[in-house]
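**Q** Residue numbers (our numbering): 10 to 294.
Where is the CB? At the ideal position from N, CA and C, for every residue including glycine.
All figures in this text were calculated on a predicted structure; none of them were measured in a lab.
What follows is a single structure, and I will ask about it in a moment.
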């Protein structure tokens, strides 16, 4: 539970960081607003079409009497919409980060500078960074889709499907949400997808402490957009620890309030160890 608190502490620190750097908060809202409009339209469409989808998928129930036909199709309609919402929570971050790549890269670099030392850079052109982000996001979506199918099937198990399965679903969502957000800072450090997953699996409780509360908050309309800049900032702070640049300190919720554009160590904590050089990035090969 202590490591869960560490992860949650990074989430709070990130929100506090953007709160004291208002310019970056406004800057980070723009990609989320664009993505929110796209996803709102998709979910509204799913809501209107879910009944027709379940009726098409269950022709064997056309001759069933009341109330069995209604119960079956109502349950399936609920599960279809729940699955769509589940996937939306995960892919929202991926799509927002892809749309807002230049925005969030700049925000993450500002957080690095505010913590002391230089902000690592990948040294890759923007198109290459977008390709890597899209490729890694697809890997996440495929994994989430696999878990989603398994959980969808498990949802038919009495009692367990209505209690344990949703809890597991939120944990899966939270873990991969943390991966997506920490990737912004870790990609700049040349950390590959599989290595990032290994880092987070080694700190699973911290990853859940960061991602699960954020997943729950993202279920509330517009909250995802408001929390996204702070989530990127907090994930950058967490990535620094995962990469061995700063020690874990769950009680430390203070962040530097000086201008984030200052390249000097204004926090007084001393410069962090040098990050991996961009030339050593295995993605360049």
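Pick out whichever of 69, 249, 212, 96 has its Cα sitting closest to the Cα of residue 149.
**A** 96
**Q** According to the neighbour-count rule (16 or more other Cβ atoms, all chains shown, within 10 Å of its Cβ), is residue 22 buried or exposed?
**A** buried
**Q** Given a cut-off of 8 Å on the beta-carbon distance, is the pair residue 16 and residue 251 in contact?
**A** no
**Q** Tell whether a beta-carbon distance below 8 Å holds between residue 220 and residue 187.
**A** One thing to note: residue 220 has its Cβ within 8 Å of the Cβ of residue 187.
**Q** Considering Cα atoms alone, identify which of 71, 90, 65, 243 is closest to residue 57.
**A** 90
**Q** In the structure shown, what three-state DSSP assignment does residue 128 receive?
**A** Residue 128 falls in the coil class under three-state DSSP.
**Q** Which ranges does the alpha helix (DSSP H) cover as unbroken runs of at least 4 residues, wholly within the stretch 62-119, from first to last along the chain?
**A** 77-108
**Q** For a test of the three-state rule: what should DSSP assign to residue 134, helix, strand or coil?
**A** coil
**Q** List the whole-angstrom C-beta distance separating residue 227 from residue 145, where the pair is believed to meet the contact cut-off of C-beta under 8 Å.
**A** The Cβ separation is near 20 Å, so there is no contact.
**Q** Classify residue 238 as helix, strand or coil using the three-state DSSP reduction.
**A** helix
**Q** Going by DSSP, what residue range makes up the alpha helix (DSSP H) through residue 222?
**A** 213-227
**Q** Here's the rule: buried if 16 or more other CB atoms are within 10 angstroms of the residue's CB, otherwise exposed. What is residue 271?
**A** Note that residue 271 scores 42 on pLDDT, short of 50, meaning its location in the model is unreliable; the coordinates nonetheless yield the value given after this. Residue 271 is exposed by the Cβ-count criterion.
**Q** Give the C-beta separation of residue 27 and residue 34 to the nearest angstrom, bearing in mind that I take them to be a contact with Cβ-Cβ under 8 Å.
**A** 4 Å
**Q** Just mark residue 231 as buried or exposed, buried being the case when its beta carbon has 16 or more other beta carbons within 10 Å.
**A** Flag for residue 231 reads exposed.
**Q** Alpha carbon to alpha carbon, how far is residue 113 from residue 66? Give it in angstroms, no decimals.
**A** 41 Å
**Q** Helix, strand or coil: how does DSSP classify residue 265 here?
**A** Legend: pLDDT at residue 265 = 44, less than 50; position of this residue unreliable, no value from coordinates given.
**Q** DSSP on residue 289, reduced to helix/strand/coil?
**A** The predicted position of residue 289 is uncertain, since its pLDDT is 44 and thus under 50; a value taken from the coordinates is nonetheless stated next. It is helical.
**Q** How about the stretch 189-203 and the stretch 164-171: do they share at least three Cβ pairs that are nearer than 8 Å?
**A** no
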